[in-house]
Each structure stands twice: as structure tokens, then as C-alpha cells.
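Peer 1: Just dropping this structure here.
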Amino acid sequence: MINEIILCLRLFLVPLLFTGFVNLYDYLREQRLVERAMLEFYRLSEEQEESRRMEETKRWFEEGAGKRKSILYRFDLMILQSNIRYYLPFLNTELYLILMLASSAAAAALAKSLSGIWLPAVPAFAFTMFLFYLFIYSLSISNYKKTQNNITQFANLLENFSETSDDLIFIFEKVCPYLDVPMRPALQECVSKARNTGNVEEALRNLELQIEHPQFRNLIRNLEICSRHEANYAEIIRDNRRSLQEYLQNQKERKALYDNGRIEISIILLLCFVVAGMLNGFIRHGFLYVLVHSAIGNGIALYCLLILLICLYSMFFAGKKGSS
752 MINEIILCLR LFLVPLLFTG FVNLYDYLRE QRLVERAMLE FYRLSEEQEE SRRMEETKRW
812 FEEGAGKRKS ILYRFDLMIL QSNIRYYLPF LNTELYLILM LASSAAAAAL AKSLSGIWLP
872 AVPAFAFTMF LFYLFIYSLS ISNYKKTQNN ITQFANLLEN FSETSDDLIF IFEKVCPYLD
932 VPMRPALQEC VSKARNTGNV EEALRNLELQ IEHPQFRNLI RNLEICSRHE ANYAEIIRDN
992 RRSLQEYLQN QKERKALYDN GRIEISIILL LCFVVAGMLN GFIRHGFLYV LVHSAIGNGI
1052 ALYCLLILLI CLYSMFFAGK KGSS
């Protein structure tokens, strides 16, 4: 009798819940509450990003360039320097971090449901976070290489157009059509910002942030100083070209050292897998079984995964960006 009553109550609740959800959906759609909340969040996130940029710019003018940057501002710079907003203009740090955390949580839940234990969920979460970071970092490295390959051409174009005008923004405007991504959109934004606000110094500072290359930043900084003192652009550019040639030569030597290091790391990783295979033959239930089904094995597995990620990061990304 009680079971029949419970069943009747459940059957009675189903249409009530369905009707309630439909009414709630209609209410939210009519009031556009979700849309308003999302737009408000996006507006606040854009304001926060602009506030961080202004704060760091102020610090830069007061204390000079340094390494003290907040974590969120570091992500701001990575997204800016990756040029991903050229393709996805709406993307900012807050949205990217939400997407990263949501995807990592989904990957952890999937790993837990497939394995039935929590151990794979931790590396799944960490690995997904690492992949999101790797994606943005890879784009910034790609732009760094493109800048390095085209910076000599950029200097030559500046020198040629500097003979026709002493207006730095006008020179940038004439140079833009001959450049590729990432320098072309960055220079176009600099020209637009300088024209609209009249603050050339701020526009050039923003240009320095967008292009992550020490020689490019050095050239822009010298040109900005040159424009304030009405000096000769061509002479400044020639001096920077000599510095650039020395820098590129040093980069070739650094690349050779890093390539040797990558070969050594590859050999060490290969030997580690060989040793793991040998241990698997000596242990009764197998090396993998011990790693998965014991607390000590879990700790060893997580430690090995961390070391593997560090090694892979060092192999593929260390030395990709030069130092000034």
C-alpha cells in the first residue's frame, strides 16, 4: 500500500516538475536574465582587465619594466601576445580561465566514471589544465618566431619611410600593409589608438605589450624617445639593426645548446621506459598494477607524471623565446 502511494506521488510530481521547469525557462527567456547576467559578467571582466593593464602600465612608468606581475595579468599578456583575440575578439582572461576549469573538471569526471576510482581524475584534471596553458603558450611562441623572422624587414621598411616623414604614427601607418601577423594588426591598433586618443606614448606602450620580442620592444622604445626629441630615425634604426644582428647570432648559438639538451633528455626518457619495462618483469603482479592499486604506487605515479610533464615542457618549449 505504501509503495503504491509513493508511486502515485512520483507520477503526480513529474508533470508538476516539468511544468515548473517550462515556466521557469519562459520567465528567464522573457526577462532575458541569463543573457543580462552573461553580458554583465563580460562587462565586469573587461573592466577588470583594463584596470589591471592600467595598474601595470602605471607601475611600469614609475618603477620600470620588471618581473612583478599578477597571475591574472600574466594571462592577460599571454592572450594578448598569442594574438588569439585577432580571431576571437570576445575572449579575455576570465572567460579563458572559466573554460579551462570547466573542461578540466569535465575531464576529471570522465576519468573517474570510466575507471571507477579517483586516482586518474587528478592527472586528468592537471593534464587538461596543462593543455590549455600549452595552447596559449604555443600561440605566443609562434608569434615570437614570426616576429623574429620579420623584424629585419620591419626595420628596413621603417628606415625607408622615415625619409618621407618625421611623424612616427604616419610611418607606422605606411609600413602596416607590408607586414604579416602579428605585427600588422598590432601596428594597426597602435595607429588607431594614437589617432583616436592623441596619446602616442600610451599607444606605443600598448604596442610593446602586444609584441613579445626584446629587440622589437627596444626598437619601439628608441623610436618613441627619438620622436620626442626630434632625432634622426634612420640613425636610430641603423644602430638597432646592428644590435639585432648580434642578437640573432646569439640566438643561433643558444638554439644549438638547447637542441643538444633536448637530445639528452630524450635519451634519459627512453632509458626510464626501458627500466620500467624491466621492473614490470620482476614484480609479481606487474609494475602497472602496483602503481594503480597501492597508495605508494599512486604517489610514485603522480610524481613520475609530474616529472614527465616537466621534461616534455623543457624539450618542446624551453629556449623558444630569447632573452634580451
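Under my numbering, the first residue of the sequence shown is numbered 752, with each subsequent residue one higher.
A virtual CB, placed ideally from N, CA and C, is assigned to each residue, including glycine.
Taking 8 Å as the cut-off, decide whether the C-beta atoms of residue 835 and residue 844 are in contact.
Peer 2: No, Cβ-Cβ distance for residue 835 and residue 844 is not below 8 Å.
Peer 1: Have a look at residue 954 and residue 903 and give me their C-alpha separation to the nearest angstrom.
Peer 2: Whole-angstrom Cα-Cα distance: 22 Å.
Peer 1: Would you kindly report the start and end of the unbroken alpha helix (DSSP H) that includes residue 744?
Peer 2: Examination of residue 744 is not possible in this model, given that the chain is present from 752 through 1075 alone.
Peer 1: Reducing DSSP to helix, strand and coil, say where residue 915 ends up.
Peer 2: Residue state, collapsed to three classes: coil.
Peer 1: So, helix, strand or coil for residue 951, using DSSP?
Peer 2: Three-state result, residue 951: helix.
Peer 1: State the start and end residues of the unbroken alpha helix (DSSP H) segment that holds residue 864.
Peer 2: Where residue 864 is concerned, the enclosing alpha helix (DSSP H) stretches over 844 to 866.
Peer 1: Quick one: what's got a C-beta closer than 6 Å to residue 1075's C-beta in the same chain, skipping five residues either side?
Peer 2: Reliability of the predicted coordinates at residue 1075 is poor, the pLDDT of 44 falling under 50, and no value is obtained from them.
Peer 1: Within the chosen definition, does the segment 885 to 904 reach the segment 931 to 939 through at least 3 CB pairs nearer than 8 Å?
Peer 2: Because the criterion of three Cβ pairs below 8 Å is met, the segment 885 to 904 and the segment 931 to 939 touch.
Peer 1: Quick check on residue 870 - is its C-beta less than 8 Å from some C-beta in chain C?
Peer 2: No chain C is part of this structure, which consists of one protein chain only.
Peer 1: Could you check if residue 1007 is buried or exposed, using at least 16 other CB atoms within 10 Å of its CB as the buried criterion?
Peer 2: With fewer than 16 other Cβ atoms within 10 Å, it is exposed.
Peer 1: With a 10 Å radius around its C-beta and 16 neighbouring C-beta atoms as the bar for buried, classify residue 942 as buried or exposed.
Peer 2: Looking at its Cβ environment, which holds 16 or more other Cβ atoms inside 10 Å, residue 942 is buried.
Peer 1: Thinking residue 988 and residue 910 are a contact (beta carbons under 8 Å), I'd like their distance in whole angstroms, please.
Peer 2: Rounded, the Cβ-Cβ distance is 5 Å, consistent with contact.
Peer 1: Do the segment 860 to 878 and the segment 958 to 976 touch if we need at least three Cβ pairs shorter than 8 Å?
Peer 2: Flag = no, the segment 860 to 878 and the segment 958 to 976 do not touch.
Peer 1: Out of 981, 946, 993, 949, point me to the one whose CA is closest to residue 969's CA.
Peer 2: If we check each option's Cα against that of residue 969, 993 comes out closest.
Peer 1: Please list, in chain order, all residues of the same chain as residue 925 whose beta carbon is under 6 Å from its beta carbon, the five residues on each side excluded.
Peer 2: So the qualifying residues of the chain are 912.
Peer 1: For the candidate residues 887, 851, 930, whose alpha-carbon lies nearest to that of residue 876?
Peer 2: Looking at the Cα atoms, 851 is the closest of the given residues.
Peer 1: Going by Cα to Cα distance, which pick from 1016, 1004, 918 is closest to residue 985?
Peer 2: Nearest of 1016, 1004, 918 to residue 985, Cα basis: 918.
Peer 1: What is the residue span of the alpha helix (DSSP H) that residue 968 lies within?
Peer 2: Note, residue 968: alpha helix (DSSP H), 965 to 980.
Peer 1: From what residue to what residue does the alpha helix (DSSP H) around residue 833 run?
Peer 2: Segment 822 to 833, the alpha helix (DSSP H) holding residue 833.
Peer 1: Beta-carbon separation of residue 1041 and residue 1032 under 8 Å?
Peer 2: Result no, Cβ atoms of residue 1041 and residue 1032 do not sit closer than 8 Å.
Peer 1: Report yes if the C-beta of residue 879 is less than 7 Å from at least one heavy atom of the ligand MN; otherwise report no.
Peer 2: Here there are no bound small molecules, and the ligand MN is not part of this structure.
Peer 1: How many whole angstroms separate the CB atoms of residue 874 and residue 1059, which I take to be in contact at a CB cut-off of 8 Å?
Peer 2: About 10 Å; that fails the 8 Å criterion.
Peer 1: Between the alpha carbons of residue 872 and residue 1034, how many angstroms are there, rounded?
Peer 2: One C-alpha to the other measures close to 26 Å.
Peer 1: Using a 10 Å radius around the Cβ and a threshold of 16 neighbouring Cβ atoms, would you call residue 945 buried or exposed?
Peer 2: The residue is buried, with at least 16 neighbouring Cβ atoms inside 10 Å.
Peer 1: Alpha carbons only, please: which of 793, 1018, 826 is nearest the one belonging to residue 1062?
Peer 2: The candidate whose alpha carbon is nearest that of residue 1062 is 1018.
Peer 1: Compare the C-alpha of residue 880 against each of 901, 849, 796 and name the closest.
Peer 2: It is 849.
Peer 1: Would you check if the distance between the CB atom of residue 847 and the CB atom of residue 878 is smaller than 8 Å?
Peer 2: Against a cut-off of 8 Å, the Cβ pair of residue 878 and residue 847 comes out as no contact.
Peer 1: Rounded to whole angstroms, how far is the Cβ of residue 870 from the Cβ of residue 1043, which I believe are closer than 8 Å?
Peer 2: Contact holds; Cβ gap of about 7 Å.
Peer 1: Using a threshold of 8 Å, state whether the C-beta atoms of residue 971 and residue 952 are closer than that.
Peer 2: No.
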